[in-house]
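See below for the structure under consideration.
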Amino acid sequence: MIEKIMIKNQRAFTLRATTVLASCLFLASCQPSSPAKKDESADKKTADAFIADVNQRYLDIYRETNAAQWAYLTYINEDTALLASKANERMMAFDKEVLAEARAYKDKPMSTSTAKAYTNLTLGKTLLPPDTQAERAELAQLGTNMEGIYGAGKYCKPKNGSSTEQDCRDLNQLSDVLVKSRKYDELLDAWTGWRTVAPSYKKDYVRYVEIANAGARAYGFGDLGASWKSGYDMPSANFETEVERLWSQVEPLYKSLHCKVRTDLAKHYGKDKVPLNQGIPAHLLGNMWSQQWGSIYDLVTPYPGVGDLDVTAALVKSKKDAVAIAKTAENFFTSLGLQSLPQSFWEKSMLTKPRDREVVCHASAWTMDAKDDVRIKECIEPTEIEFETVHHELGHVYYFLAYKDQPYLFQNGANDGFHEAIGDTIVLSMTPGYLKNIGLINKVENNQKAVINQQMKLALDKIAFLPFGKIIDQWRWQVFSGKIKPEHYNESWWQLVNQYQGIRSAVPRSENDFDAGSKYHVAANVPYTRYFIAHILQFQFHKALCEAAGFKGPLHECSIYNSKEAGKKLQMLLAAGSSKPWQDVLEEAIGTREMDASAILDYFAPLKAWLDEQNKGQACGW
Ligand code: X8Z
Ligand code: ZN
């Protein structure tokens, strides 16, 4: 399981680290059992040579783990589960071997570059190998099992009038109801239906946390969350403060959006269903986890009929299939001067949901061999959501390709938020002007009302996401630290949802439910704060790339399509991988060392003014 993280679009994400040298990895409590022996070997080899050796040794096992994992997630069955689980177990054993050797070098002289690689090797890991083989095997099996159940999960009900036949729906079908239906009870049925799947692995998750924590403690971390937080080139406590700072910058905008959306939903569903002084019922926001609300744009359109941009309708009308949709996304990247995708990408990616087998549809991007064998796995449909997701995934792929000649330990995002932000940055350039340019729509309306409509549509995804992006790991950090106990998993989850998102469940929930576990990244142990950071960073990137493209004017009108200058800047940022602290990479690319929300706030300034006007006289909040 340890490498599962790097497998999904983030080969990088397992081996992250910070510039703070790996001190916490080697606390007194976890001194290696035979330091003398290790020191001896260290004396024979310099730290530089050790890191060079590790870079080579990872390549083989990395390819093997990916092969097993790819086979499993694109064809879930008991055989592929066994192979994936065994491969993950081997990867953990390998990690343990390398990390044990690494201890001998912690105080040895190193070049700056070796020190960064050492940091990447030892800090910010998504999973750390527990000491015993039995624990590693169990951890690998639990992880494989949970992800498989999630991928194949279905909500079944007796077929109309039948006592024997069942009507079963998977996550995509249930999500489709949340996107399209405007009937309160139908929505609630789909919402609660998906949540019948996760309770079956709650026990597994509890045990997973226990063993994963044992792994983290073997390397001097207090718990697994401490390991996750150590991967940001700053002390963990400072990283937590950074997240709080960014959240406090954007919180007022979120609250303004929340207020208006709640008012409009109350108009549609009635104040009895959507009371104006409480959180919004979670199943009414167009998304299974209420994380992005773009699908309910029709219910909250500021100026109906103005500048309508129905990208889904345009995609359906254009008759683009999955390959054509992916090619449209590739075309954006090549317009910037980036390379075409290798032929093998088209041969080996999974671009549609197979009809004959179970797969994990949750989209991901892969570099199978840390070279040219790059792929994505996505169940593409002609919808705006999937169209944007292909761009998101290709952002990962172009990152992989840009840093493929870096040593293995530098083949990662500058931090994990960078990796998640690249494709999204491109999506910000998919302005009405761009969509017209590529022939997807045929007219662009340019007036203040159209601007507000556009901004509302984007804010429903980008601003609504922010508290969600924050709370998943706030919940997990406390689960890992033991502050949240299994008997309070659900209660504490809903407490966070209510506090930050201003959202509540319309039906009672209990500890028999496992609602945090209904989210892919919890079942699959993928850290989530990366997406919160990415939502801030992508606006900083957009601004800098627009400047590079010579664009003058409001940022929501900027598209970097066809700009080779923007492409050059982007390529430079990507090619650095994780060879330097992210602050250095950011500074070289966009001239600042800080993640900062002023770019996203500036971008949405017109909408914020409009929202505040609309909300006048309303009692906002919950
Ligand atoms: O998981 C993803 C990507 C793959 S890295 C599809 N995203 C998050 C999610 O779906 O919850 C992208 C946005 C947030
Ligand atoms: Zn991603």
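Residue 0 is where the sequence shown starts when you use numbering that gives the first Met the number 0, and the numbers rise one by one after that.
A virtual CB, placed ideally from N, CA and C, is assigned to each residue, including glycine.
Who are the near neighbours of residue i in its chain, counting only those whose CB is closer than 6 Å to its CB and skipping five residues on each side?
{"i": "LEU340", "result": "GLU329"}
{"i": "VAL299", "result": "VAL260, ASP263"}
{"i": "ILE451", "result": "PRO301, TRP609"}
{"i": "ARG168", "result": "TYR154"}
{"i": "CYS557", "result": "CYS545, PHE550"}
{"i": "ALA116", "result": "ILE50, LEU408"}
{"i": "ARG529", "result": "ASP415, GLY416, GLU419"}
{"i": "SER348", "result": "ARG374, ILE375"}
{"i": "PRO406", "result": "ASN54"}
Measure the C-alpha to C-alpha separation of residue i and residue j and round it to an integer number of angstroms.
{"i": "THR163", "j": "THR195", "result": "20 Å"}
{"i": "GLN617", "j": "ASP611", "result": "10 Å"}
{"i": "ALA362", "j": "ASN144", "result": "19 Å"}
{"i": "GLN165", "j": "ILE483", "result": "37 Å"}
{"i": "ALA211", "j": "GLY221", "result": "11 Å"}
{"i": "GLY468", "j": "LEU434", "result": "28 Å"}
{"i": "THR118", "j": "ASP94", "result": "14 Å"}
{"i": "ALA133", "j": "ASN489", "result": "30 Å"}
{"i": "GLY670", "j": "ALA215", "result": "In the structure displayed, the chain extends from 0 to 621; residue 670 sits before or after that span and is not available."}
{"i": "LYS124", "j": "ILE60", "result": "17 Å"}
{"i": "ASN561", "j": "LEU256", "result": "33 Å"}
{"i": "LEU631", "j": "ARG475", "result": "Missing from the structure shown is residue 631; the chain here goes from 0 to 621 and no further."}
{"i": "ASN445", "j": "PHE538", "result": "22 Å"}
{"i": "MET0", "j": "ALA281", "result": "Any reading at MET0 is ruled out, since the residue's pLDDT is 34, under 50, leaving its predicted position unreliable."}
{"i": "TYR602", "j": "LYS326", "result": "29 Å"}
{"i": "HIS555", "j": "GLY566", "result": "19 Å"}
{"i": "ASN237", "j": "ASP595", "result": "15 Å"}
{"i": "LYS563", "j": "ALA548", "result": "8 Å"}
{"i": "GLY285", "j": "ALA364", "result": "25 Å"}
{"i": "LEU173", "j": "GLY192", "result": "8 Å"}
{"i": "ARG62", "j": "LEU72", "result": "15 Å"}
{"i": "ASP78", "j": "GLU419", "result": "32 Å"}
{"i": "LYS202", "j": "VAL208", "result": "10 Å"}
{"i": "PHE417", "j": "PRO353", "result": "31 Å"}
{"i": "ASP423", "j": "HIS390", "result": "7 Å"}
{"i": "GLY147", "j": "ALA83", "result": "11 Å"}
{"i": "SER226", "j": "PRO431", "result": "42 Å"}
{"i": "MET367", "j": "VAL506", "result": "43 Å"}
{"i": "GLN9", "j": "GLY269", "result": "Residue placement at GLN9 is flagged as unreliable, the pLDDT there being 41, under the threshold of 50; the coordinate-derived value follows with that caveat. About 43 Å."}
{"i": "TRP69", "j": "ALA604", "result": "43 Å"}
For the putative contact between residue i and residue j, defined by C-beta atoms under 8 Å, what is the C-beta separation to the nearest angstrom?
{"i": "ALA46", "j": "MET109", "result": "4 Å"}
{"i": "SER294", "j": "VAL176", "result": "The Cβ separation is near 11 Å, so there is no contact."}
{"i": "ILE75", "j": "LEU335", "result": "Not quite, the Cβ-Cβ distance comes to about 36 Å (not below 8 Å), so this is no contact."}
{"i": "GLY576", "j": "GLN410", "result": "6 Å"}
{"i": "VAL249", "j": "ILE532", "result": "That pair is no contact at about 12 Å."}
{"i": "PHE479", "j": "LEU223", "result": "5 Å"}
{"i": "LEU573", "j": "TYR402", "result": "6 Å"}
{"i": "LYS292", "j": "LEU427", "result": "It is worth fixing the name first, because residue 292 is Trp in this sequence and not Lys. Actually they are not in contact, since the Cβ atoms of TRP292 and LEU427 sit about 18 Å apart, beyond 8 Å."}
{"i": "GLU383", "j": "VAL310", "result": "4 Å"}
Could you pull the start and end residues of the beta strand (DSSP E) that residue i belongs to?
{"i": "TYR104", "result": "Taken as a continuous stretch (DSSP letters only), TYR104 belongs to no beta strand (DSSP E), as it is neither H nor E."}
{"i": "TRP365", "result": "363-366"}
Who pairs with residue i in a beta bridge, going by DSSP?
{"i": "PRO280", "result": "ARG503"}
{"i": "MET349", "result": "LYS376"}
{"i": "CYS167", "result": "CYS155"}
For the alpha helix (DSSP H) holding residue i, just list the boundary residues, first then last.
{"i": "GLY454", "result": "Correcting the residue type first, residue 454 is Gln in the shown sequence and not Gly. Looking at the DSSP string, the run of the alpha helix (DSSP H) that includes GLN454 is 447-461."}
{"i": "ALA323", "result": "321-334"}
{"i": "ASN65", "result": "46-72"}
{"i": "HIS390", "result": "383-401"}
{"i": "ASN119", "result": "111-121"}
{"i": "LEU414", "result": "According to the sequence displayed, residue 414 carries Asn and not Leu. No alpha helix (DSSP H) holds ASN414; DSSP gives it neither H nor E."}
{"i": "LEU600", "result": "597-602"}
{"i": "GLU209", "result": "201-216"}
{"i": "LYS259", "result": "235-268"}
{"i": "SER509", "result": "Taken as a continuous stretch (DSSP letters only), SER509 belongs to no alpha helix (DSSP H), as it is neither H nor E."}
{"i": "ILE471", "result": "464-480"}
{"i": "PHE531", "result": "528-547"}
{"i": "HIS520", "result": "519-522"}
{"i": "VAL315", "result": "310-317"}
Enumerate in chain order the residues of its own chain whose CB-to-CB distance from residue i is below 7 Å, with the five nearest sequence positions on each side excluded.
{"i": "GLU357", "result": "ILE75, GLY150, ALA151"}
{"i": "HIS534", "result": "LYS461, PHE464, LEU465, GLY468"}
{"i": "SER33", "result": "With a pLDDT of only 41 at SER33, under 50, the local geometry of the prediction cannot be trusted, and no value is derived from it."}
{"i": "ALA189", "result": "LEU173, VAL176, LEU177"}
{"i": "GLN338", "result": "LEU400"}
{"i": "VAL584", "result": "ALA413, LEU572, ALA575"}
{"i": "ASN511", "result": "PRO198"}
Ordered along the chain, which non-local residues of its own chain (more than five positions away) have a Cβ less than 8 Å from that of residue i?
{"i": "ASN497", "result": "GLY278, ARG503, TRP621"}
{"i": "GLY590", "result": "ALA543"}
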